[in-house]
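Chains A and C supply the protein sequences, listed in that same order.
Numbers 1 to 287, taken from the numbering used here, label the letters of the first sequence in order.
Numbers 288 to 598, taken from the numbering used here, label the letters of the second sequence in order.
C-beta: ideal position from N, C-alpha, C; glycine also.
One structure is given below, encoded as structure tokens.
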Amino acid sequence: MSLAAEAFVSQIAGCRGPERTISRIKQSAEPWPENATLYQPLREDQILLSDCASSLAVQAYLRMCNLPVHVSCRSNAEYMSPSGKVPFVHVGNQVVSELGPIVQFTKAKGHSLSDGLDDVQRAEMKAYMELVNNMLLTAELYIQWCDDTTATEISRPRYSSPYSWPLNQILAYQKQWEVRRKMNAIGWAGKSLEQVYEDVSQCCQALSQRLGTQPYFFNKQPTELDALVFGHLFTILTTRLTSDELGEKIKSYSNLLAFCRRIEQSYFEDSQAGSSSRGYSKGPSLF
Amino acid sequence: MHQIVCTEGLTEMAYAKFAGAPLKVHKITNPWRSPTGTLPALKTTEESTRSLSKPSNIIIHLRKQKYNADYDLSAKEGADTLAFVSLLEEKLLPALIYTQWVDSKNYVDVTRRWYAENIPFPLNFLLPNRIHNQQLERLRLVRGDSTLEPGEQLEKELYQDALECMTLLSQRLGSHKFFFGDSPSSLDAYVFGHLAPLLKVKLPNGKLQQHLNSLDNLRHYCTNILILYFPSEGGEPPIHKVSVHSDSSDFDSEPHKRRKQILSVLFAMGSMLGYAILMGIVSIQHVRPQAALVGPRHIEEGGEEEEEEEE
Chain A
1 MSLAAEAFVS QIAGCRGPER TISRIKQSAE PWPENATLYQ PLREDQILLS DCASSLAVQA
61 YLRMCNLPVH VSCRSNAEYM SPSGKVPFVH VGNQVVSELG PIVQFTKAKG HSLSDGLDDV
121 QRAEMKAYME LVNNMLLTAE LYIQWCDDTT ATEISRPRYS SPYSWPLNQI LAYQKQWEVR
181 RKMNAIGWAG KSLEQVYEDV SQCCQALSQR LGTQPYFFNK QPTELDALVF GHLFTILTTR
241 LTSDELGEKI KSYSNLLAFC RRIEQSYFED SQAGSSSRGY SKGPSLF
Chain C
288 MHQIVCTEGL TEMAYAKFAG APLKVHKITN PWRSPTGTLP ALKTTEESTR SLSKPSNIII
348 HLRKQKYNAD YDLSAKEGAD TLAFVSLLEE KLLPALIYTQ WVDSKNYVDV TRRWYAENIP
408 FPLNFLLPNR IHNQQLERLR LVRGDSTLEP GEQLEKELYQ DALECMTLLS QRLGSHKFFF
468 GDSPSSLDAY VFGHLAPLLK VKLPNGKLQQ HLNSLDNLRH YCTNILILYF PSEGGEPPIH
528 KVSVHSDSSD FDSEPHKRRK QILSVLFAMG SMLGYAILMG IVSIQHVRPQ AALVGPRHIE
588 EGGEEEEEEE E
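In structure tokens:
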């Protein structure tokens, strides 16, 4: 109803709705400050696959919007975040966490990547973002915390590395218990590791089919969907886990590999040159 | 009889109809009698397949039996299906769960009452409350906030996501008959399964329903599927359902109310009597017939003595 009303009013006013809205927002919003900071857990020792993927997605999005941000690694980033999830950005006097709210926040400041999309495309973009959250992110959490080998060898030691005994044991097991309860609630507890890999494969197949031969998901310009997909796929490809199967699933789709390389080259090439955003990758690059 | 319909059951029935699979629907009210212990459940005639319950498992099984409603879809459309199903599950389903099971008014007035009336004893006391707690716990885990309480703030966030989801579906559907062309697919089954309960079940707190009714193309889409594939159950306009429901609720509550009143009075009297006997205020003595005359005089004397003392 509100969309129709706005369109009607803008027609009367004699100018196109979206442009008028954006110009109005630009006049009222504060500019993006130079000292905007993104917080995430410690890169070398603490951060886990899922958090690294989310953080990389946000960094990619901000770079695509040309918004400078410093990356600051803190061991208690998770506790500092308003929603308990990382990453979160501190911009001016506001703190916003997770990609969805950050996209809304930047939109309110007048920066948006998805303005050129029509209604059908926007619906598809949101749907695919939910697909990545629903399948890829959940699979990452499952592999990290519900697979005993990975949990014992990688996740628990890394998650609690900044803390001393007995706090490290308590925090690690608490987190594991919390994630397992969530998996139970959404029906993933009964899945085997093979089934989870199969789900990841299906998700990648869907993404690959949607991408096709285009450079980005919605042709020439990247959107928040591209940032999200890049964040997850790149992190999976460059993170060493107990088995290589997850990375292999993605490598079997050549257009997804090419997509990740393209974004890395276009938006992260200058990370070594020491510009405003410092470093991002956790392991070797794709080259 | 007014039925609560659940999303998963509807999704599976719709898919079976779209794919032309012969499916016999047993309407049972006792989940313990189902083959898997929960509802809905699919039982097949093959011995190698055990009974299934999740919609995705059931759809996969039907596909293996060559009942495939997605046969004509292109690769991209198959990918879109997966994406939109994820959108439904992440954005719309939590709000549906909230509106049926967690929102206090809806839960007490409609959901719990239906379960209490239709499920055999003793499940009707245990099951609704257990499901209510399970669903609240699930919402808490999914949102990542263990202190979540049903209330305006949670409702606002969930409904905002759900309204946006419905608007997106409406935009994607446009003026087409189904999401992919002229014949329905599994995505149509999922969307129908999620939206139809909103259309058919009248809830006191009906913000989601209002929004759905304002999206004309989605409303026509659901009623269209109902008329085409569920002709025996669908087709009645929601207005008639409302009046039937309110009549039946008044009628039903009358005998229950009287029965409850009588039972509670009896229980109160019984407990007061029991307490009095235990405390010795009233004592029951077996008086032999010869001594019967002594009894009343004794009490009268006692009464006179008391009166004298009071004065």
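On a CA-only basis, which of the options is nearest residue i? Give me that one, please.
| i | options | result |
| --- | --- | --- |
| Asn255 (chain A) | A:Met80, A:Leu207 and A:Cys203 | A:Leu207 |
| Glu394 (chain C) | C:His498, C:Cys509 and C:Val488 | In the sequence as displayed, the identity of residue 394 (chain C) is Tyr instead of Glu. It is C:Val488 whose Cα lies nearest to the Cα of Tyr394 (chain C). |
| Lys304 (chain C) | C:Ile568, C:Tyr508 and C:Leu513 | C:Leu513 |
| Ala60 (chain A) | A:Leu38, A:Arg180, A:Leu48 and A:Glu198 | A:Leu38 |
| Ser470 (chain C) | C:Met300, C:Val569, C:Thr294 and C:Leu360 | C:Leu360 |
| Asn66 (chain A) | A:Gly110, A:Leu167 and A:Ala185 | A:Gly110 |
| Gln46 (chain A) | A:Asn35, A:Thr238 and A:Glu78 | A:Glu78 |
| Glu377 (chain C) | C:Asp396, C:Glu451, C:Arg400 and C:Glu439 | C:Glu451 |
| Trp177 (chain A) | A:Tyr142, A:Lys191, A:Pro162 and A:Gln202 | A:Tyr142 |
| Cys204 (chain A) | A:Thr242, A:Gly190, A:Tyr253 and A:Asn168 | A:Tyr253 |
| Tyr440 (chain C) | C:Tyr385, C:Leu499, C:Asp367 and C:His419 | In the sequence as presented, Tyr is not what sits at residue 440 (chain C); that position holds Gln. Residue C:Tyr385 is the option with its Cα nearest to Gln440 (chain C). |
| Ala123 (chain A) | C:Leu374, C:Leu426, C:Thr510 and C:Arg417 | C:Leu374 |
| Asp51 (chain A) | A:Lys251, A:Gly231 and A:Arg240 | A:Gly231 |
| Phe234 (chain A) | A:Asp244, A:Ser72, A:Arg210 and A:Ile263 | A:Ile263 |
| Leu428 (chain C) | A:Ala139, A:Ala185, A:Ser75 and A:Gln144 | A:Ala185 |
| Thr152 (chain A) | A:Thr242, A:Asp118 and A:Gly92 | A:Thr242 |
| Lys363 (chain C) | A:Gly212, A:Val95, A:Met135 and A:Leu257 | A:Gly212 |
| Glu34 (chain A) | A:Asp119, A:Gly92 and A:Lys107 | A:Gly92 |
| Val120 (chain A) | C:Asn420, C:Gly461 and C:Phe467 | C:Gly461 |
| Leu99 (chain A) | A:Leu137, A:Arg180 and A:Trp165 | A:Leu137 |
| Val196 (chain A) | A:Lys175, A:Pro166, A:Tyr173 and A:Cys146 | A:Cys146 |
Could you tell me which residues DSSP puts in a beta bridge with residue i?
| i | result |
| --- | --- |
| Val71 (chain A) | A:Leu38 |
| Ser97 (chain A) | A:Phe88 |
| Tyr216 (chain A) | A:Asn219 |
Report the neighbours of residue i on chain A: residues whose CB is nearer than 9 Å to its CB, in chain order.
| i | result |
| --- | --- |
| Gly431 (chain C) | Ser83, Gly84, Lys85, Glu178 and Lys182 |
| Ala306 (chain C) | The premise fails here: Ala306 (chain C) is roughly 20 Å from chain A at the closest Cβ pair, so nothing lies under 9 Å. |
| Ala563 (chain C) | Ordered by position in chain A, no residue passes the 9 Å Cβ test against Ala563 (chain C), which lies about 50 Å from the chain. |
List, in order along the chain, the chain A residues whose C-beta lies closer than 8 Å to that of residue i?
| i | result |
| --- | --- |
| Leu455 (chain C) | Arg122, Ala123, Lys126 and Ala127 |
| Ala362 (chain C) | Gln209 |
| Gln458 (chain C) | Asp119, Val120, Arg122 and Ala123 |
| Ala403 (chain C) | The contacting residues do not exist; Ala403 (chain C) stays about 25 Å from chain A at best. |
| Leu374 (chain C) | Lys126, Ala127, Glu130 and Leu131 |
| Ala382 (chain C) | Near Ala382 (chain C) there are no residues of chain A at all, since even the closest Cβ is about 14 Å away, more than 8 Å. |
At 7 Å on the CB atoms, spell out the chain A contacts of residue i, in chain order.
| i | result |
| --- | --- |
| Glu377 (chain C) | Glu130, Asn133 and Asn134 |
| Phe371 (chain C) | Ala127 |
| Leu428 (chain C) | Arg181, Lys182 and Ala185 |
| Ala476 (chain C) | What Ala476 (chain C) touches in chain A: nothing, since even the nearest Cβ is about 16 Å away. |
| Ala303 (chain C) | The contacting residues do not exist; Ala303 (chain C) stays about 21 Å from chain A at best. |
Given that residue i touches chain E, what residues does it touch there, using C-beta distances under 8 Å?
| i | result |
| --- | --- |
| Glu424 (chain C) | The chain labelled as chain E is not found among the protein chains of the depicted structure, namely A and C. |
Which bits of chain C does residue i rub up against, with CB to CB less than 9 Å?
| i | result |
| --- | --- |
| Gln202 (chain A) | Leu369 |
CB of residue i to nearest heavy atom of the ligand MG: below 7 Å?
| i | result |
| --- | --- |
| Leu113 (chain A) | In terms of ligand content, the structure shown is empty, and the ligand MG therefore cannot be addressed. |
Could you list which residues in chain C have their beta carbon closer than 7 Å to that of residue i, in chain order?
| i | result |
| --- | --- |
| Ala258 (chain A) | Within 7 Å Cβ-Cβ: nothing; Ala258 (chain A) doesn't reach chain C, min ~18 Å. |
| Ala227 (chain A) | Near Ala227 (chain A) there are no residues of chain C at all, since even the closest Cβ is about 17 Å away, more than 7 Å. |
- prompt: Taking three-plus beta-carbon pairs below 8 Å as touching, is the region 487–501 of chain C in contact with the region 157–167 of chain A?
  reply: Because the criterion of three Cβ pairs below 8 Å is not met, the region 487–501 of chain C and the region 157–167 of chain A do not touch.
Original post:
Taking three-plus beta-carbon pairs below 8 Å as touching, is the region 417–437 of chain C in contact with the region 478–486 of chain C?
Top reply: With a cut-off of 8 Å, the region 478–486 of chain C and the region 417–437 of chain C do not count as touching, because too few Cβ pairs lie within range.
Segment contact, 8 Å Cβ cut-off, at least three pairs: the region 503–518 of chain C with the region 406–416 of chain C
In the pairwise beta carbon analysis, the region 503–518 of chain C is classified as not touching the region 406–416 of chain C: fewer than three pairs are separated by under 8 Å.
Pull out every residue of the region 42–70 of chain A whose Cβ sits closer than 7 Å to any Cβ of chain C, in chain order.
Correct list: empty, as no residue qualifies.
- Task: State whether the region 214–227 of chain A contacts the region 79–92 of chain A, with contact taken as three or more CB pairs (one from each stretch) at a distance under 8 Å.
- Result: The way I'd put it, the region 214–227 of chain A doesn't touch the region 79–92 of chain A; fewer than three beta-carbon pairs between them come closer than 8 Å.
Residues in the region 459–474 of chain C having any Cβ partner in chain A nearer than 8 Å
Cβ contacts with chain A come from Arg459 and Gly461.
Check: For the region 126–135 of chain A against the region 219–229 of chain A, are there 3 or more C-beta pairs whose distance is under 8 Å?
Finding: Put simply, the region 126–135 of chain A touches the region 219–229 of chain A. At least three CB pairs are less than 8 Å apart.
Inset, instruction - Output, in sequence order along the chain, the residues in the region 436–452 of chain C whose CB is closer than 9 Å to any CB in chain A. - result: The region 436–452 of chain C vs chain A, Cβ under 9 Å: Glu451 and Cys452.
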